[in-house]
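Residue numbers (the UniProt record's numbering): 1 to 298. Think of the CB as a built atom: it goes at the ideal place given N, C-alpha and C, for glycine as much as any other residue. Please read all numbers here as calculations on a predicted model, not as lab measurements.
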């Protein structure tokens, strides 16, 4: 009798364990699927883009299928310029040079309002090319995302030279009514304001910009530029040292060199937030351990 009873208890315990494991796996997979969908998983690049504008120009569909709409600030704020159409733009495909040849600038701070209704990880891509000035320190300005300065002292010519495409790339996230960007957090009310802040040198401008769901790895890269793109080993060696006053070598802090593209300076504080995934695991163990203890006492 005892052996038969023990077998029944063993079978019951196995069934209960199997049900708990199945429920746990289903809950985790469901949460992962929701997170993947919220972050744009399974969508093409063009489908991930929620807002795109060809600043100072007409609508345009680029080689990736991204639809840039006509500038909504036309006739309202700032000035549109197509001065760059006479120039070929290095680092850009022939089909998409128009995105860097037209621009909008203003004699004061100006910007665009972008509605964002869903939580998730996003990327802001701003396209630039210096087509007028032929030296640095002629046009320098900041870029602000809501209340956060995300690009400081942008000098396009200093970054890449004349008539050369340059993308500024900024990652940010929106979760639980908060905007998180470059280690800073602020309240988010459904509207992202991208502002180009007037500085001491000439007027702020932008050629095109778009916002997409995803991560930095999802952003299409510009074509390489001889003289700007260096082998990784050579770049690392130059960062490690440079000639000192006595002819020796002195250390140069990593990251002190000008980068062709900018990104987040600090990790996203929400990137490692896995509390929603841990909850069903803790519940499952909380139910399983007392049940197993009770069965063993029988």
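Need the endpoints of the alpha helix (DSSP H) that residue i sits in, please.
i           : result
residue 98  : 98-101
residue 160 : 156-160
residue 46  : 45-48
Rounded to whole angstroms, what is the Cα-Cα separation between residue i and residue j?
i           : j           : result
residue 87  : residue 81  : 13 Å
residue 76  : residue 175 : 32 Å
residue 57  : residue 128 : 13 Å
residue 46  : residue 170 : 18 Å
residue 149 : residue 184 : 10 Å
residue 156 : residue 221 : 17 Å
residue 275 : residue 186 : Model confidence at residue 275 stands at a pLDDT of 49, short of 50, so the residue's coordinates are unreliable; what they give is reported in the following sentence. Computed Cα separation, rounded: 21 Å.
residue 210 : residue 69  : 10 Å
residue 119 : residue 65  : 24 Å
residue 94  : residue 181 : 33 Å
residue 251 : residue 153 : Note that residue 251 scores 45 on pLDDT, short of 50, meaning its location in the model is unreliable; the coordinates nonetheless yield the value given after this. In a straight line, the C-alpha of residue 251 is about 25 Å away from that of residue 153.
residue 145 : residue 52  : 16 Å
residue 83  : residue 192 : 29 Å
residue 206 : residue 42  : 31 Å
Does the distance from the C-beta atom of residue i to that of residue j stay below 8 Å?
i           : j           : result
residue 194 : residue 111 : yes
residue 197 : residue 141 : yes
residue 106 : residue 79  : yes
residue 126 : residue 167 : yes
residue 158 : residue 136 : yes
residue 99  : residue 62  : yes
residue 44  : residue 122 : no
Which two residues bound the contiguous beta strand (DSSP E) that contains residue i?
i           : result
residue 179 : 178-181
residue 304 : Residue coverage of the chain in this structure runs from 1 to 298, which leaves residue 304 outside it and unanswerable.
residue 147 : That residue, residue 147, is in no beta strand (DSSP E); it is neither H nor E in DSSP.
residue 68  : 67-70
residue 186 : 184-187
Can you pull the DSSP bridge partners for residue i?
i          : result
residue 52 : 210
Taking 7 Å as the cut-off, is the CB of residue i close to at least one heavy atom of the ligand FMN?
i          : result
residue 80 : This structure lacks the ligand FMN, and indeed carries no ligand of any kind.
Tell me, please, whether the CB atom of residue i is closer than 8 Å to any CB atom in chain B?
i           : result
residue 166 : Absence of chain B from the displayed structure is noted, only one protein chain being present.
Output the residue ranges of the alpha helix (DSSP H) runs that lie fully inside the stretch 77-127 and measure 4 residues or longer, sorted by chain position. 98-101
Uninterrupted alpha helix (DSSP H) stretches inside the stretch 196-232 (no shorter than 4 residues): none
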